[in-house]
Every structure is written in structure tokens, then in C-alpha cells.
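Undergrad: Pasting in a structure now, in C-alpha cells, and then I'll have a few things to ask.
What follows is the structure in C-alpha cells.
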């Protein structure tokens, strides 16, 4: 499926805790699903350590090829939170204390506003704030890069606040059928169906449960009628296999 | 924490189903944890679509900077399985049918060995096979790139079969303390502790549960005695805060 005409997104996940295997990332999936609903396909994800050169390199690479680049993680008050400084470096901009961010932090923390917490007001010059309704400290946007928190609940709240401002396209729709059919038996016919419908991306995912093996076929695209036609073709393919295959489920 | 002396790993996750948000990846965490036990830190992960240029680019970038590059996904019999061809392209090698892989497939599938299934025997010239005890079709290794299945159970079995042949280092150990202390209150003292122990990587992860906010501090390194000394410092820091902070938990 080509997206050469529409908006696209990239994601840079910043965090040693993901790369060490201590924490299971879920932000990539959340972002992918929410962006899909507004027609912005996620094209690449990079998970990088809390090191400035790694963050700079990943952001520089993705911001040239994606309409939007999201980052998650590394925007807290501690020594390992280096995202803002790294993004400033990636853009060649000075890191400055943002007056509005400072006001938000001051209102939230009062006399507890330590020097460390004030670090959360530092961002590249010219950044615009992204609201954090959960824990006050804002994210920010500079150019096409949107810097979000790593804690999933905060990341999600920030994402919801920026989604209305993004230029999307028609929502990405999907239709799936699950069949008791083995990938290797349907591969040739499936390939012919993919060739017939180049505007739809057809994925094939084998599974095994309780002794039964099967395949889930997923068609993704933006035109509902075309997707229905593809599903009709897929079902005809499975039905055509006779006793060797059965459709178990049809859904989104 | 520097790993300039030891082995490192990168991971390329190949799959539109991850980028669409349909499937939650778990292979990155599994790989990170298992490699950690043999002293090979995972340094970067890239999630890319089922497109040859994307796979080639990610593999080329990571294989130059990591001792080992793993890939997951895209090695089945269907049209969207293009990993082997893309890896061959990344190495500038011809894609050929491997005789031993064909023998394995023939033994497993018998008369069901379709042309599509034979595609799973195609790999870059000179590849060595990676055993698949779950569903027969092998992965392969070429140079420093190890090509594994995407289905987690098969990926894990392939990983276990290759781990003994990798050059690791001392296992990566971690010690964690969880405290009812807010990140912004401990950030300055924590930074001083990080400066005192440069060979240990200290991460700080805020959390909120049922009205209580706190921070989990994670120290990672290879020297158990040094890690214990860091934990002693971290606990003294928390204890020194008096009523503002309490250690809730100590563990790995």
C-alpha cells in the first residue's frame, strides 16, 4: 500500500529500560492504533538508549522521511532524562527555559519546584507546549517532532491532545479472516489476490492453538468497498480448497 | 555504562502487523532479557515494514555497529515474507535454495511440499541454518546477522539454539529499589550517585498507584559488589530524606 501522497509518522522510543528488557513497551502499539484512525500510518519505530548521539541520530533520520516524528520517554527531572537537550541538538537550536512551561510547573509544584523539576521547563527555542493533564510537566513540539512522556498513561493523554492538530487522511481500515488453512497451501492463490488488489496490503499470519494450525489474513486499506471485495476473494479462495480449509472467523 | 569492549546486539523487527498496531511485539523484550544473561546488551531496535528497501537499510546500519544483528519475522511461505531476499540484497549475495534446508522441509512436509513452502529453503549463499524445533522451516545466519521467525514461540526456540554459539561477556545484573519518593525531590542526590559510579547505569522510573507516587531506581552493571555499593548509596539517599521518602522494595 503506497502512502506517498499522505502523511506518515515515525516513533523514537527512548529508554534503557526497554532495551534491557525490564519494561515491555506498549506505546508503539497505542500510537500505531490511534494514528491509524486518523489516516497516518506509522512507518518506522526505533528504540534507542538514553544517549544523546543515539537520540539525535534517530530523530534526524526519521524527521526527514516522516511527516511527523514522535518520541516517548526521557522528559523527567532526573539525570537520565536527556530527550529535550538531544532534540535541541538534533535541530541545532539552543535549549532554553520556556516561560509558559515554568509557569505551569510553578502552579503545580509551588514551593516544591526544585531546580531538578525546573529542568522539565527546558526545551529547544521555539518549541510549542503539549499539554499534560496527568502530571503537569508538558511535552513539546518543535518542527515536525512531537516529544511525549514515556509513562503510558501520560503519553496517551498527551497524544490525545495533539491528534486534532495533525493532518491525517482517510482512516486506515482493516478486515481479517481467520481460517483453518496452512500458509503454505494458500500462498500461491493469496499472492494472486494481492496482485489483483495493489491498493490493499494483505498480510498472512500463521498460528497454532490446541493442535489446530491456521492462518489469519489481514487486508488493510482506506477504501471500505475495495476491502470487502478483497475479503470476498479471500473467502472464495478458502472455500475453493474444499475440506482442506475452513473459515473460522471474519472481523476487523 | 560503556560496552565498547564487549559484544553488542541490534534487532530488526520486520512486520506490518506490528506497525499497524494489530500485534503487540514481545520478541524485543525476550531477546533483551536472554541476551542480557550472557552479557550481550541490546543497543538498538528498529521496527520496519515488509518492504525490501526498509529491511536492507536497517540491517546495513545495525550490522556495522553491533556485534550481532537479529531479525524477526518475514520468513514464511507467503508473498509478504521477503526477509531472506532482503538480507541477501543487504549483503550483495545471491539468494539460493539451500540443500539442507530443502531436505528438512521435504522430511517435514512430504508430498505437501508446495513451491511456496520451498521458498522457505531460499537464503543468501553461504548462510548456515538455525534449527527450528517447532515448525521445521529453519532460520539462518549470514555474517553477523541472525534471521529468526516472528511467531514468539518459534523465535524463542531458534534463539535458544543460537545462544550457546555467541560470544558474550559477564552477565548484565540489575538491582532495583522502589521508594515512596518523588523523582524531582531526589534528582540532585541521584545525579551525584550516578557521577560517583560511572561503571553502573542508574535509571529512574516514576510511578503512581492508588494515590501513592513513587520512583523505582534501577542500577545495571556487571560487577555484583559494585551494584551492592550503589544500592547502599541509593538507600542512604532515601533514608536521608526523613519522612519524605520510604524504601518500599528491594530486588533484582
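Residue numbers (the UniProt record's numbering), protein chains in the order written: chain R, 1 to 252; chain Y, 1 to 252. For every residue, glycine included, the Cβ atom is placed at its ideal position computed from N, Cα and C.
1) Rounded to the nearest angstrom, how far is the Cβ of residue 201/R from that of residue 221/R, given a contact under 8 Å?
2) The stretch 150-175 of chain R: which residues have C-beta closer than 9 Å to a C-beta of chain Y, in chain order?
3) Does residue 83/Y come out as helix, strand or coil in the three-state DSSP assignment?
4) If you measure from the beta carbon of residue 82/Y to each beta carbon in chain R, is any gap under 8 Å?
5) Restricting to Cα atoms, I'd like to know which of 107/R, 56/R, 104/R and 101/R is closest to residue 90/R.
6) From the DSSP output, in three-state form, read off residue 2/Y for me.
7) Ignoring anything shorter than 4 residues, give me the alpha helix (DSSP H) runs that lie fully in the UniProt domain "MoaB/Mog" (10-169) of chain R, in order along the chain.
8) For residue 35/Y, tell me which candidate among 67/Y, 60/Y and 218/Y has the shortest Cα-Cα distance.
9) Quick one: complete beta strand (DSSP E) runs, 3+ long, within the stretch 183-216 of chain Y?
10) Looking at residue 83/Y and residue 145/Y, is the spacing between their C-beta atoms short of 8 Å?
11) Could you please give me the residues that DSSP links to residue 221/Y through a beta bridge?
12) Starting from the C-beta of residue 1/Y, find all residues in its chain whose C-beta is less than 7 Å away, skip the five residues before and the five after it, and write them out in chain order.
13) Of all the options 251/Y, 119/Y and 162/Y, which has the alpha carbon lying nearest to the alpha carbon of residue 174/Y?
14) So with Cβ pairs under 8 Å, would you call residue 43/R a contact of chain Y?
15) If we define contact as Cβ-Cβ less than 8 Å, is residue 185/Y a contact residue for chain R?
16) So that I know if they touch, is there some Cβ in chain Y lying closer than 8 Å to that of residue 7/R?
17) Look up residue 242/Y in the DSSP assignment and say whether it is helix, strand or coil.
18) Measuring alpha carbon to alpha carbon, tell me which of 61/R, 46/R and 32/R ends up nearest residue 15/R.
19) What are the residues in the stretch 211-233 of chain R lying within 8 Å of chain Y by C-beta distance?
20) Can you list the residues of chain Y that residue 26/R reaches, using a CB-CB cut of under 8 Å?
21) Of the residues that make up the stretch 65-82 of chain Y, which ones have a beta carbon closer than 7 Å to any beta carbon in chain R?
22) Rounded to whole angstroms, how far is the Cβ of residue 184/Y from the Cβ of residue 116/R, which I believe are closer than 8 Å?
23) Are there 16 or more other CB atoms within 10 angstroms of the CB of residue 141/Y, so buried, or fewer, so exposed?
24) Is the separation between the beta-carbon of residue 155/R and that of residue 163/R shorter than 8 Å?
25) Comparing alpha-carbon positions, which option in 112/Y, 208/Y and 80/Y lies nearest residue 50/Y?
26) Where does residue 8/R land, buried or exposed, given buried means 16+ other C-beta within 10 angstroms?
27) Please say whether residue 218/Y and residue 242/Y have beta carbons closer to each other than 8 Å?
28) Please tell me whether residue 114/R has its Cβ less than 8 Å away from any Cβ of chain Y.
29) Verify the CB distance criterion: does residue 188/R have a CB-CB separation below 8 Å to chain Y?
30) Looking at chain Y, is there any beta carbon in it that lies within less than 8 Å of the beta carbon of residue 39/R?
31) Go through its chain and collect everything with a Cβ distance to residue 236/R's Cβ below 6 Å, but skip five positions before and after it.
32) Closer than 8 Å by beta-carbon distance: list the chain R residues that pair up with residue 48/Y, in chain order.
33) What are the partner residues of residue 228/Y, as DSSP defines its beta bridges?
34) Any idea if residue 62/R is buried or exposed, counting beta-carbon neighbours within 10 angstroms, 16 or more meaning buried?
35) Per DSSP, what kind of secondary structure is residue 179/R in: helix, strand or coil?
36) Among 100/R, 110/R, 151/R and 114/R, whose alpha-carbon lies nearest the alpha-carbon of residue 128/R?
TA: From the atom records:
1) For this step, residue 201/R is matched to residue 201 along the first chain. For this step, residue 221/R is matched to residue 221 along the first chain. Right, the Cβ-Cβ distance comes to about 7 Å (below 8 Å), so this counts as a contact.
2) 150, 151, 153, 172 and 174
3) Position 83 of the second chain, counting from 1, holds the residue named residue 83/Y. It is helical.
4) Locating residue 82/Y in the second chain gives position 82, where the first residue counts as 1. Not one chain R Cβ lies under 8 Å of residue 82/Y.
5) Mapped onto the first chain, residue 90/R falls at position 90. It is 56/R.
6) As a first step, residue 2/Y is located in the second chain; it is residue number 2 there, counting from the start. For residue 2/Y, the pLDDT reaches just 45, beneath the cut-off of 50, and the residue's location in the model is therefore unreliable, although a value from the coordinates is still provided. Coil, per DSSP.
7) 16-19, 27-37, 52-65, 83-91, 99-109, 115-118 and 152-162
8) The residue labelled residue 35/Y in the question sits at position 35 within the second chain. Out of 67/Y, 60/Y and 218/Y, 67/Y has the C-alpha closest to the C-alpha of residue 35/Y.
9) 201-209
10) As a working note, residue 145/Y is residue 145 in the second chain. As a working note, residue 83/Y is residue 83 in the second chain. The answer is no: Cβ separation not under 8 Å.
11) The sequence position of residue 221/Y within the second chain is 221, counting from 1. Its beta-bridge partners are 173/Y.
12) Taking the first residue of the second chain as position 1, residue 1/Y is located at position 1. Confidence in residue 1/Y is poor, its pLDDT being 44 and thus under 50, which makes the residue's placement unreliable; the coordinate value appears in the next sentence. Excluding sequence neighbours, residue 1/Y sits near 199, 200, 201, 220 and 221.
13) What you label residue 174/Y is simply residue 174 of the second chain in a count that begins at 1. Residue 174/Y has its Cα closest to that of 251/Y, out of 251/Y, 119/Y and 162/Y.
14) Within the first chain, residue 43/R is the residue found at index 43, counting from 1. Residue 43/R counts as touching chain Y.
15) Position 185 of the second chain, counting from 1, holds the residue named residue 185/Y. Yes, because at least one Cβ of chain R sits closer than 8 Å to the Cβ of residue 185/Y.
16) Here residue 7/R is taken as the residue at index 7 of the first chain, counted from 1. No, residue 7/R lies away from the interface with chain Y (no Cβ there is under 8 Å from its Cβ).
17) Within the second chain, numbered from 1, the residue matching residue 242/Y stands at position 242. Three-state DSSP puts residue 242/Y in a helix.
18) The sequence position of residue 15/R within the first chain is 15, counting from 1. Considering only alpha carbons, the answer is 46/R.
19) 218 and 220
20) Numbered from its first residue, the first chain carries residue 26/R at position 26. Under the 8 Å cutoff, chain Y gives 24.
21) 76, 77, 78, 79 and 80
22) Looking up residue 184/Y in the second chain gives position 184. Looking up residue 116/R in the first chain gives position 116. Rounded, the Cβ-Cβ distance is 5 Å, consistent with contact.
23) Within the second chain, numbered from 1, the residue matching residue 141/Y stands at position 141. Buried, since its Cβ has 16 or more Cβ neighbours within 10 Å.
24) The residue given as residue 155/R occupies position 155 in the first chain. The residue given as residue 163/R occupies position 163 in the first chain. No, they are not a contact pair.
25) Looking up residue 50/Y in the second chain gives position 50. Residue 80/Y is the option with its Cα nearest to residue 50/Y.
26) Within the first chain, residue 8/R is the residue found at index 8, counting from 1. Burial call: buried.
27) Counting from 1 along the second chain, the entry for residue 242/Y is found at position 242. Counting from 1 along the second chain, the entry for residue 218/Y is found at position 218. Not in contact: residue 242/Y and residue 218/Y (Cβ atoms no closer than 8 Å).
28) Against the first chain, residue 114/R aligns to sequence position 114. By this cut-off, residue 114/R is an interface position.
29) Along the first chain, one-based indexing puts residue 188/R at 188. Closer than 8 Å: yes.
30) Residue mapping note: residue 39/R aligns to position 39 of the first chain, counting from 1. Output row for residue 39/R: interface = no.
31) To locate residue 236/R, count along the first chain from 1; it is residue 236. Nothing meets the Cβ criterion.
32) Residue mapping note: residue 48/Y aligns to position 48 of the second chain, counting from 1. Under the 8 Å cutoff, chain R gives 44.
33) If you number the second chain from 1, residue 228/Y lands on position 228. DSSP lists no partner for residue 228/Y.
34) Counting from one through the first chain, the residue named residue 62/R turns up at place 62. The residue is buried, with at least 16 neighbouring Cβ atoms inside 10 Å.
35) Walking along the first chain from the start, residue 179/R turns up at place 179. Reduced to three states, the DSSP call for residue 179/R is strand.
36) Locating residue 128/R in the first chain gives position 128, where the first residue counts as 1. Considering only alpha carbons, the answer is 100/R.
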